[in-house]
Every structure is written in C-alpha cells, then in structure tokens.
Amino acid sequence: GPRYLEGRVSGAVFNDEKDMEEMRVYVEDRMQNETLQAFKHFAWSNPLWPKLFPGVRKMEAEVVRMCCTLMHADAEGCGTMTTGGTISILLACLAHRNRALKKGIFFPEMIIPTSAHAAFTKAAEVFRIRVIRIPVNPTTFKVDLRKMKAAITSRTCMLIGSAPNFPFGTVDDIVGIGQLGQKHDIPVHVDACLGGFILPFIDDQYPFDFRVPGVCSISADTHKYGLSPKGSSVVLYKNKEYLHNQYFCDADWQGGIYASSTFEGSRSGLNIALCWASLLFQGFDKYKQHSRTVVATTKKIRDGIHIMVTLNHTGDGVADALLSDIRASVDEIKANPNSELEEAAALYGMAQKIPDRSIVQEFAYAYLDACYSAPNSH
12 GPRYLEGRVS GAVFNDEKDM EEMRVYVEDR MQNETLQAFK HFAWSNPLWP
62 KLFPGVRKME AEVVRMCCTL MHADAEGCGT MTTGGTISIL LACLAHRNRA
112 LKKGIFFPEM IIPTSAHAAF TKAAEVFRIR VIRIPVNPTT FKVDLRKMKA
162 AITSRTCMLI GSAPNFPFGT VDDIVGIGQL GQKHDIPVHV DACLGGFILP
212 FIDDQYPFDF RVPGVCSISA DTHKYGLSPK GSSVVLYKNK EYLHNQYFCD
262 ADWQGGIYAS STFEGSRSGL NIALCWASLL FQGFDKYKQH SRTVVATTKK
312 IRDGIHIMVT LNHTGDGVAD ALLSDIRASV DEIKANPNSE LEEAAALYGM
362 AQKIPDRSIV QEFAYAYLDA CYSAPNSH
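Per the numbering used here, the very first residue in the sequence shown carries number 12; after that it's consecutive.
Here it is, written out as structure tokens:
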C-alpha cells in the first residue's frame with residue numbers, strides 16, 4: 012500500500028487506514044443511498060448562492076460554529092470556511108491589513124516568528140505587508156517575546172504565534188503575545204492549522220485560543236487532524252469587526268451588488284458538506300481518543316527526532332521501527348565519520364532534497380511546473 016499508510020511519511024495524510032476504513036464501511040453499509048443522494052444534491056452546489064443552496068449555507072455556518080465553540084469563542088465569535096490553511100492565513104492577514112489601512116497605517120508591518128508558516132510570507136508579498144521576523148529561543152524553540160516587543164512600531168498591524176509551528180512542533184507563548192497585543196492595540200493571530208484539532212482535546216498546558224486575552228483570529232485546518240477530506244479549513248475571528256475586514260463588496264458593478272466572504276466567488280458546496288459530515292462522524296470523543304494516541308506516540312519518539320506524528324504512526328510497531336532505523340543510521344555514520352555531508356534544502360510537500368541552496372528557488376519552480384505537465388494531446 013501507500014507509504015503514508017505504513018507510517019513512513021511525516022505529515023501529508025492525517026487519517027490512518029483504520030479511520031478511512033471505518034468511514035468507508037459506515038458510508039457503504041449504512042449511508043450508501045443517502046451518500047449518493049448527497050452527491051446529487053451538493054456536487055454542483057455553490058454557497059455563492061445561499062438562497063439556491065440553503066443546505067450548504069447551513070452546513071458551513073454549523074462548521075464555523077462548531078469550530079468557534081471548540082476554540083472557546085463567545086456568542087460573537089465568527090468566521091468562514093476556506094479551502095486550506097494557506098488561504099485561512101492569507102485571509103486573516105488581509106483582514107488585519109485592511110483594519111490597519113482604515114486606521115491610517117498605509118505601510119503596515121506584521122511581526123512573525125522565524126518558525127511561522129511560509130504562508131505568512133506569501134500573504135505579505137500579495138498584500139504588500141512588510142515582514143519583521145523574530146528569532147526563536149534556541150532552547151525552547153518558541154518566539155523570543157523580548158525581541159518581539161522591541162520590534163513593535165506604530166505600523167505594526169498584527170502579531171503572530173503558532174500552535175504549534177511546523178519546523179519544531181512547539182507552541183509559542185500565546186499568552187505573552189496576547190499581552191503585547193492588548194498593550195499596543197494590535198490584533199494577535201494564532202496559526203493553529205496544525206494543532207487546532209489536537210490541543211483542545213488534551214489539556215490546558217498550552218493556552219492558545221479565544222480564552223487568551225488579545226487573540227483576535229485563529230486559523231485551523233479541518234483537513235488535517237480534523238480528518239476531513241482535503242480542501243477545507245476555517246479562519247475564525249473574535250467578532251464581526253475583524254471578519255468584515257475580510258469581506259469584499261462591489262456595490263457599483265453593472266452586474267449588480269457583488270459580495271463575497273472569501274477570495275473565491277464560486278466555491279464547492281460538496282467540500283463543505285464532506286467537512287460537515289466528517290466533523291459529525293468523528294465527534295468529540297473520537298477526536299479526544301485520536302489526540303491522546305498522537306500525543307502518546309509523539310512523546311515516545313520526541314527526543315532529538317523531527318517528525319509530524321499522524322494516526323498512521325500510532326500503529327503497532329511503527330514508532331519502534333522508526334527508532335530502530337534511526338539507531339541504524341547513527342551507527343552507520345559513526346562507522347564512517349569522514350563521509351561527506353552536504354547542506355541540503357528539503358522541499359515542503361515531498362521527501363526530496365536539493366544539495367545546492369543557491370538554486371533552491373529555480374528547482375522549486377521547476378518542481379511546481381512539473382506538477383502541471385500533461386501530454387499536449389489533452
């Protein structure tokens with residue numbers, strides 16, 4: 012079978028084979044006819060037209076409300092579904108940039124940890140926001156709050172913390188960042204794309220959500236540990252004041268008043284329906300069970316090892332096999348200490364590495380081009 016089902020891939024696919032099989036059996040044995048009907052109803056549905064597709068509108072609203080509740084938002088909590096974590100991050104950056112523009116900040120800056128997801132850099136490039144990068148503490152691998160505080164200026168439009176970050180799996184001091192945001196009236200965004208469906212189900216050791224004063228927005232991926240099919244995420248806000256800075260409206264278009272809540276106009280209603288069904292299928296108890304097994308396995312292999320643990324890694328013998336492979340690799344290096352070691356750049360989304368960093372961007376672009384290659388006859 013695929014290598015990710017054997018637990019030999021870090022990240023990428025977050026469901027394990029057992030979870031996929033349970034969902035398949037449930038659909039085939041108990042919901043086959045209903046699923047076919049759902050496909051008929053939602054495959055061509057479009058939430059851009061809520062009056063035509065009221066069921067999709069209701070499901071998206073319920074997904075957002077479920078996630079707001081999970082993140083301890085009050086009744087004013089709100090947000091939208093998106094197609095993935097990058098879009099959730101971009102929309103949050105757009106909202107906070109627009110808020111800054113309304114306040115007369117025409118050259119806004121965002122302060123991010125060096126460990127923050129690359130989507131923030133992408134957002135900065137798209138929305139013309141200057142990025143101020145703050146190093147992480149070399150011991151805790153959390154953002155240095157003292158240096159973050161020193162970087163704040165009258166142009167700062169948002170502060171970012173990760174829960175957790177991708178490079179190290181550490182949760183930044185969200186409480187400390189929130190205090191900085193409150194003191195200087197700067198919105199704090201928490202990127203919980205990775206931990207949004209893990210942290211709420213374990214303990215309160217890492218407070219990160221709307222209970223933390225100063226947190227104004229959160230991104231969380233339903234298609235990671237939320238175990239929904241790929242192509243769904245949420246961006247959540249403390250209240251509509253922030254959300255409305257994400258919205259777009261053209262009241263003067265000759266085709267009529269055009270308003271949209273996200274970047275896209277038309278969106279897939281089927282994707283929304285699948286996410287809604289996945290959240291209900293898993294439920295609080297299953298998410299809690301999954302989270303505990305992921306955390307338990309992570310603790311087993313955490314010392315000096317960098318790997319994103321998913322349900323595929325919690326199977327019998329997978330962690331032991333990984334540790335055995337690492338011991339064998341260390342023994343090989345010890346036996347050949349003079350073998351050449353070259354600096355290499357890992358490409359996010361695949362397991363290959365590029366030996367010469369001076370041509371990293373060129374190779375990355377070539378890789379992306381290759382992903383879209385197809386025979387001319389098509």
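The C-beta atom is built at its ideal place from N, Cα and C for all residues, glycine as well.
Quick check: the Cα distance between F117 and I337, rounded to an integer number of angstroms? 51 Å
Starting from the N-terminal side, write out each stretch of the alpha helix (DSSP H) that is 4 residues or longer and does not extend beyond the segment 180 to 222. 185 to 195
Between the Cα of T401 and the Cα atoms of I98, A284 and T325, which residue gives the shortest distance? An answer regarding residue 401 cannot be provided, because it is not within the stretch 12 to 389 covered by the chain.
Answer with buried or exposed for C382, where buried requires no fewer than 16 other C-beta atoms within 10 angstroms of its C-beta. exposed
Within 10 angstroms of its Cβ, does S340 collect 16 or more other Cβ (buried), or is it exposed? exposed
Pair within 8 Å by beta-carbon distance, S244 and G95: yes
Distance CB(V137)-CB(L170) smaller than 8 Å: no
Determine the direct distance from the alpha carbon of A127 to that of S271, and round the result to whole angstroms. 28 Å
Count Cβ pairs between the segment 157 to 174 and the segment 81 to 96 that sit closer than 8 Å; are there 3 or more? no
Give me the DSSP bridge partner(s) of P124. I145
Neighbourhood of Q265 by C-beta distance below 6 Å, restricted to the same chain and skipping five residues each side: none
Going by the beta-carbon positions, is the gap between A103 and H200 smaller than 8 Å? yes
Under 8 Å between the Cβ atoms of D202 and A174? yes
Would you say I145 and I123 are within 8 Å of each other, going by their C-beta atoms? yes
With a threshold of 8 Å between beta carbons, is F208 in contact with chain C? Absence of chain C from the displayed structure is noted, only one protein chain being present.
Residue range of the beta strand (DSSP E) that includes S272: No beta strand (DSSP E) contains S272, which DSSP labels as neither H nor E.
In the DSSP assignment, find the unbroken beta strand (DSSP E) run with D261 in it and report its ends. F259 to D261
Which term fits G88, buried or exposed, when burial requires 16 or more other beta carbons within 10 angstroms of its beta carbon? buried
Can you name, in chain order, every residue of its own chain whose Cβ lies under 6 Å from the Cβ of Q56, other than the five neighbours on each side? Residue identity differs from the one stated: residue 56 is Ser in this sequence, not Gln. Hits under 6 Å: F64, V67 and G280.
Unbroken alpha helix (DSSP H) runs of length 4 or more, entirely within the segment 273 to 317: which are they? 280 to 312
Does the segment 215 to 225 touch the segment 179 to 191, meaning 3 or more C-beta pairs lie closer than 8 Å? yes
Uninterrupted beta strand (DSSP E) stretches inside the segment 68 to 136 (no shorter than 3 residues): 89 to 93 and 120 to 124
Pairs of beta-carbons, one from the segment 237 to 254 and one from the segment 103 to 114, closer than 8 Å: are there three or more? yes
What is the residue span of the alpha helix (DSSP H) that Y236 lies within? No alpha helix (DSSP H) contains Y236, which DSSP labels as neither H nor E.
Quick check: what's the CA-CA separation for T321 versus F131? 24 Å
Verify whether the separation of the beta carbon atoms of M70 and I283 is less than 8 Å. yes
Could you work out which residue in C78, E275, D296 and P61 is closest to A231 when comparing CA atoms only? C78
Give the DSSP bridge partners of I370, in chain order. In DSSP, I370 forms no bridge with anything.
Give the straight-line distance between the Cα atoms of F219 and Q372, rounded to the nearest whole angstrom. 34 Å
Counted within 10 angstroms of its Cβ, other Cβ atoms place A391 as buried (16 or more) or exposed: Any answer about residue 391 is impossible in this case: the structure gives the chain only from 12 up to 389.
Confirm, please, whether the CB-CB distance from I98 to P119 is below 8 Å. no
So for G230, helix, strand or coil by DSSP? It is Ser, not Gly, that sits at residue 230 in the sequence shown. S230: strand per DSSP, three-state reduction.
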